[in-house]
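Protein chains in written order, with this note's numbering: chain A, 1 to 155; chain B, 156 to 273.
Where a beta carbon is used, it is the ideal one built from N, C-alpha and C, also for glycine.
Note that the structure is predicted; figures quoted are calculated from it, not measured.
Okay, structure first, notes after.
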Amino acid sequence: MSKAGESEQKKKQKAKEYEAYAKEFTPKPAYVANGIKAFLTGGAICCAAFALQNWLTGSMQLEEKDAKTWVTVTLICTAQLLTGFGLFDSIAKFAGAGCIVPITGFANAMVSPAIEYKKEGPVLGVGAKLFSVAGPVLVCGIFVSIIAGIIQLFR
Amino acid sequence: MEYVNVFITGGAICLIGQILLDATKLTAPRILVIFVVSGAVLHILGWYEPLVEFGASGATVPLPGFGYSLAKGAMEEAAKSGLLGALTGGVSATAAGIAAAVGFGYLMALIFTPRSIR
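This is the structure in structure tokens:
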């Protein structure tokens with residue numbers, strides 16, 4: 001019994017040693033560079049959205065609420081088109097969270113797995129995988145929104 | 156000047172996302188969920204509205220803005236038509252975005268074939 005326990009401990013120690021050894025060779029994420037890239041891309045996407053919104057309310061004379069909805073729809077469709085062409089991943093490689101955190105990332109997270117699992121058919125492949133990431137986001141988001149509404153009832 | 160506010164707000168929210176990606180073991184889908192839920196919770200607390208007033212698109216385009224729209228819609232409808240509003244408000248406020256993402260996304264996935272990162 002004691003022998004088995006000993007070898008178990010040795011194994012654990014070896015695993016720890018290996019972990020420390022492997023860590024030496026794992027590149028550390030470039031926190032500052034990644035942060036700057038994310039900040040700039042994210043800011044740029046939001047500014048483009050704002051410019052589009054201003055054009056819609058100005059030249060196209062839409063109401064602000066409708067203009068905002070059109071901006072969201074445009075961003076989603078653009079991101080999904082870029083995902084289809086395989087360009088979104090190239091941008092995300094540079095921008096990181098800069099294009100994942102805006103609504104574009106949500107749109108990409110829907111189409112990307114759906115294309116990947118296309119072979120499984122239009123219903124259980126594309127149809128199901130469209131929601132592999134969007135599903136959890138919508139479930140949690142809608143759940144919290146219902147709670148928000150109920151809280152409002154008691155205010 | 157407005158554009159500077161938009162840029163700073165949007166950039167800062169994305170920067171938080173990048174830090175979460177790099178410094179923690181959270182995967183992208185979890186971060187998306189965290190952002191949407193936190194946007195909704197911040198709106199319940201009344202802290203997201205000032206950010207939207209300051210940053211406009213900078214606060215509404217990132218995912219917390221999606222959570223904010225959900226919570227805002229639900230709360231506005233709940234105030235108008237009670238419990239039924241609490242159920243309908245969130246989804247109807249974001250319906251255009253969700254439907255566009257589903258409809259256009261399905262179309263894109265049917266048209267395009269998988270390809271590797273260039």
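- GLY210/B and GLU8/A have their C-alpha atoms spaced approximately 57 Å apart.
- For the region 206-234 of chain B, the residues whose beta carbon sits under 9 Å from a beta carbon of chain A are, in order, GLY210, ALA211, SER212, GLY213, ALA214, THR215, VAL216, PRO217, LEU218, PRO219, GLY220, PHE221, GLY222, SER224, LEU225, ALA226, LYS227, GLY228, ALA229, MET230, GLU231, GLU232, ALA233 and ALA234.
- Within the same chain, and ignoring the five residues on either side of ALA67/A in sequence, the residues whose Cβ sits closer than 7 Å to its Cβ are GLN53, LEU56 and THR57.
- Here the C-alpha atom of ILE174/B lies approximately 33 Å from the C-alpha atom of GLU64/A.
- The closest CA to that of THR83/A, considering only LEU265/B, PHE190/B and ASP177/B, is found on LEU265/B.
- Here GLN80/A is buried. Its C-beta has 16 or more other C-beta atoms within 10 Å.
- Identification of chain B residues near ALA109/A by a Cβ-Cβ cut-off of 9 Å yields ALA183, PRO184 and LEU187, ordered along the chain.
- Selection PRO102/A, ALA22/A, VAL144/A and PRO136/A evaluated against THR41/A yields PRO102/A as nearest (Cα-Cα).
- Under the three-state reduction of DSSP, PRO29/A is assigned to coil, being neither helix nor strand.
- By the neighbour-count criterion, in which 16 or more other beta carbons inside 10 Å mark a residue as buried, GLY201/B falls on the exposed side.
- A check of alpha carbon separations from VAL192/B across GLY149/A, ILE151/A and PHE143/A identifies PHE143/A as the nearest.
- Annotated three-state conformation of PRO184/B is helix, per DSSP.
- Annotation: Cβ neighbours of GLY252/B in chain A (cutoff 8 Å, chain order): THR69, THR72, VAL73, ILE76 and ILE103.
- If you look at GLN173/B, you'll find it in the alpha helix (DSSP H) that goes 157-178.
- For ALA214/B, the closest of LEU197/B, GLY228/B, ALA229/B and MET230/B by C-alpha to C-alpha distance is LEU197/B.
- Look at PRO27/A: its C-beta is not under 8 Å from any C-beta on chain B.
- Where TYR203/B is concerned, the enclosing alpha helix (DSSP H) starts and stops at 203-210.
- LEU225/B is classed as buried because its beta carbon has at least 16 other beta carbons within 10 Å across all chains shown.
- At a beta-carbon threshold of 7 Å, the residues of chain B lying near ALA49/A are SER212 and VAL216, ordered along the chain.
- At least one C-beta of chain B is nearer than 8 Å to the C-beta of SER145/A.
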